[in-house]
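Chains as they are written, first to last, in this note's numbering: chain A, 3 to 321; chain B, 9 to 267.
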């Protein structure tokens, strides 16, 4: 395996909080992980988990208390590293007195492209993010989704090998989210490494080769979305319809939920055949039987609950 | 202007133009027109002096207001609006960003000052019907105003690297006023018998920018020639002072966490 696209070693960030008596608060705690070339890597965690702090550290917008990081073998302190990366900040804001075309031209100038190449790139990337018709509109007239798309265009205007996106789907409507998802998939198809933070777990499951889960500044786990959650079956979900005039079997009546004309019931795996037998005996029509596996969201919520429980033990709150 | 500071400077200039900063020229034009008409009515023989004094003072004041109020927002606005995040994710060093912002505002001030100087020239021609050889002093006085504005811009930028726009305005204004009276501070030090006070006054005199030497408005209004040595001296002084302030600003800003 060659040099990883991103190598993070023991990255730690403390912030001073308080006005008079300053205390140190750890925002990121000894983060170590590697992302391989061409991977789509999801960086998951609730608000305040340390995702944005990590991205800001990688961009040298803030400086680490301890630890180092390299992108494609170059230290993050090396300004040349920035030629190989693109970055979309969370809720991006751009110079709103510029048009989209002028903004992209401005960023392309920083890479030293000559005028003809800049023009070609700007046109190409405006088309790529679906803003070909809005290139000459001032950014102050852009919707949030359009700003997000122009943000992605500025991040990839120089064809970087590694793209960092901070909450690229946040605040977007379903159409906008789908468009951004398509752009990320496209980058992945082109062999780029995409590192994006999100708290929308379905997006991570859909797009990522691997994910890392961060909570309270600490890494909780890294792996493929399927690996990171256990493959055990939570239970069996049965959808069925009852014949007119017949009633629910007594054993299932207590926990079956009616949804329109249908019923849904969840039973343990070992109770499945007995439940099906009962449904058959009252001539119910079985529509589907699906094993319910934990999703990334379940895993995530379990971690958050565990973290809360550790922070406020029951005995302590009673005192 | 294809270097990174050049690219940032052009964008800063474009921002100022699109934010309608140059609208102050309309007020200047209206003021010069009113003054030209008025001096024609009330003064005999001193109309040139009044117009030159008024025009140069207005160029200086308008420029100072722009340098301070735009200068203190050069960095803080980019941090507050987070436009700096995308910029610094590109291969841009922090000092290049600062030099670019400084250059952009200086370019704006130069264009603004040049246009006001044209307005002053037009008003002068209107009231006196001709230009004199001594009017070259007006251009020198304008050049000194520009040097002064460069210094003020550098100071405003320096303070904006670590303090809020309001505090930066107060600091810059404070240093500007103290800089005008830096010679008086030195003289007070000489008059006092306390050696600590003398040393403090001497340090202040050398540390504070000496704005007194940049004021050539009275000389220009009276048609007096300005020594070439003073032009060189002021140019070298402003260049060195600006460079030192920008180095200081870069040192402060390079280690700053952008929250």
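Yeah, the Cβ is synthetic: ideal placement off N, Cα and C, and Gly gets one too.
Three or more beta-carbon pairs separated by less than 8 angstroms are not found between the segment 193-206 of chain A and the segment 111-123 of chain A, which leaves the two stretches without contact.
The C-alpha of residue 264 of chain B is placed about 34 angstroms away from the C-alpha of residue 193 of chain B. Residues of chain A whose Cβ lies closer than 7 angstroms to the Cβ of residue 113 of chain B do not exist; the shortest such Cβ separation is about 15 angstroms. Within 9 angstroms of the CB of residue 28 of chain B, no CB atom of chain A is found; the nearest one sits about 10 angstroms away. By a beta-carbon distance limit of 8 angstroms, residue 210 of chain A contacts residue 43 of chain A. Their separation comes to about 6 angstroms. Scanning the segment 14-67 of chain A for uninterrupted beta strand (DSSP E) segments of 3 residues or longer gives 25-37 and 42-46, listed from N- to C-terminal end. Counting C-beta atoms within 10 angstroms of its own C-beta, residue 89 of chain A has 16 or more neighbours from the protein chains shown and is therefore classed as buried.
In this model, residue 237 of chain B and residue 244 of chain B are separated by some 11 angstroms (Cα to Cα). Straight-line measurement puts the Cα of residue 289 of chain A at about 15 angstroms from the Cα of residue 269 of chain A.
In summary, residue 74 of chain B is buried, with 16 or more beta-carbon neighbours lying within 10 Å of its beta-carbon over all protein chains present. Under the Cβ criterion of 8 angstroms, residue 97 of chain B is counted among the residues facing chain A. Of all residues in the segment 74-103 of chain B, those with a C-beta nearer than 7 angstroms to a C-beta of chain A are 89, 90, 91, 93, 94, 96, 97, 98, 99, 100 and 101, reading in chain order. Look at the segment 62-88 of chain A: the residues with a C-beta under 9 angstroms from a C-beta of chain B are 62, 63, 64, 65, 81, 82, 83, 84, 85, 87 and 88. Put simply, the backbone Cα of residue 189 of chain A is about 30 angstroms away from that of residue 218 of chain A.
For the pair residue 292 of chain A and residue 239 of chain A, the Cα-to-Cα distance works out to about 5 angstroms.
Residue 168 of chain B and residue 103 of chain A have their C-alpha atoms some 30 angstroms from each other.
No Cβ-Cβ contact shorter than 8 angstroms links residue 121 of chain A with residue 159 of chain A.
For residue 175 of chain B, not one C-beta of chain A is nearer than 8 angstroms to its own C-beta.
The continuous alpha helix (DSSP H) containing residue 118 of chain A extends over residues 117-130. Residue 98 of chain B: not part of any beta strand (DSSP E); DSSP gives it neither H nor E. Shown here, residue 293 of chain A sits in a strand according to DSSP, grouped into three states. Within the segment 216-275 of chain A, the complete alpha helix (DSSP H) segments of 4 residues or longer fall at 227-230 and 252-255, listed in chain order. When the five nearest sequence neighbours on each side are left out, the beta carbons in the same chain lying within less than 6 angstroms of the beta carbon of residue 162 of chain A are those of 86, 87 and 88, in order along the chain. Between residue 156 of chain B and chain A, the shortest Cβ-Cβ separation is not below 8 angstroms.
Interface criterion not met: the Cβ of residue 274 of chain A is under 8 angstroms from no Cβ in chain B. Interface criterion not met: the Cβ of residue 221 of chain B is under 8 angstroms from no Cβ in chain A.
Burial check for residue 218 of chain B: the Cβ neighbour count within 10 Å reaches 16 or more, so the residue is buried.
For the pair of segments examined, the segment 110-130 of chain B was found to touch the segment 25-45 of chain B: the number of CB pairs separated by less than 8 angstroms reaches three. Shown here, residue 200 of chain B sits in coil according to DSSP, grouped into three states, outside any helix or strand.
As summarised for the segment 50-80 of chain B, the continuous alpha helix (DSSP H) elements at least 4 residues long and confined to that stretch are 55-79, given in chain order. Residues of the same chain with a CB within less than 8 angstroms of the CB of residue 186 of chain A, apart from the 5 flanking positions on each side, are 42, 167, 170, 196, 198 and 209 in chain order. In this structure the segment 64-84 of chain B touches the segment 32-45 of chain B; the number of beta carbon pairs closer than 8 angstroms is three or more. The beta carbon of residue 109 of chain A sits closer than 8 angstroms to some beta carbon of chain B. Its chain contains 41, 43, 224, 225 and 226 as the residues whose beta carbon lies nearer than 7 angstroms to that of residue 212 of chain A, once the 5 sequence neighbours on both sides are disregarded; these appear in chain order. The Cβ-Cβ distance between residue 55 of chain A and residue 30 of chain A falls below 8 angstroms. Taking a 10 Å sphere around the C-beta of residue 153 of chain A, we find 16 or more other C-beta atoms and assign the residue as buried.
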